[in-house]
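With the numbering used here applied, the sequence shown corresponds to residues 132 to 240, in that order.
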Amino acid sequence: MGLLLTNPIYGILFFIIIFVGIYILFGEKKYIYIDRNSFQVERHLFNFVYGKCQGNTRDILQVLSSKFESGYQVTIQSQIDKYQLDRAMNPKDSTRLAQEINEWLNQKL
132 MGLLLTNPIY
142 GILFFIIIFV
152 GIYILFGEKK
162 YIYIDRNSFQ
172 VERHLFNFVY
182 GKCQGNTRDI
192 LQVLSSKFES
202 GYQVTIQSQI
212 DKYQLDRAMN
222 PKDSTRLAQE
232 INEWLNQKL
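Right under this line is the structure:
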């Protein structure tokens, strides 16, 4: 522990390693909020929000499920950007989520 106090670089590296370890163990969760006018994708680690993207619901072009190296993911393609949800979903959950979002969007048109 004395080495961590004498050289700040070791202290910074120590905390980075701890954070990465916690991230790997507990992972992140992504939440999507959609209403008639806008949608928002938030990244959470525990109850801490550290990433937030938003757009207009009318700009969504498609919502699809696709295979990714570690599983399946749901992607929301808008006119401006691409928003990726969880990358470790199973095919059934990924397809179901994409279908539910698409059905909801089609009802709102």
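Just so it is clear, CB atoms sit at the ideal spot from N, CA and C, and this is done for glycine as well. Values in this document were obtained by computation on a predicted structure and should not be read as measured data.
In the structure shown, Gln193 falls within a strand segment according to DSSP collapsed to helix, strand and coil. If you draw a straight line from the Cα of Ala219 to the Cα of Tyr203, it is about 6 Å long. Inter-segment contact for the region 221 to 239 and the region 190 to 209 is present: three or more beta-carbon pairs are separated by less than 8 Å. Taken atom to atom, the span from the alpha-carbon of Ile163 to that of Phe146 is near 30 Å. Within the region 133 to 179, the runs of beta strand (DSSP E) at least 3 residues long that lie entirely inside it are, in chain order, 160 to 165, 169 to 176.
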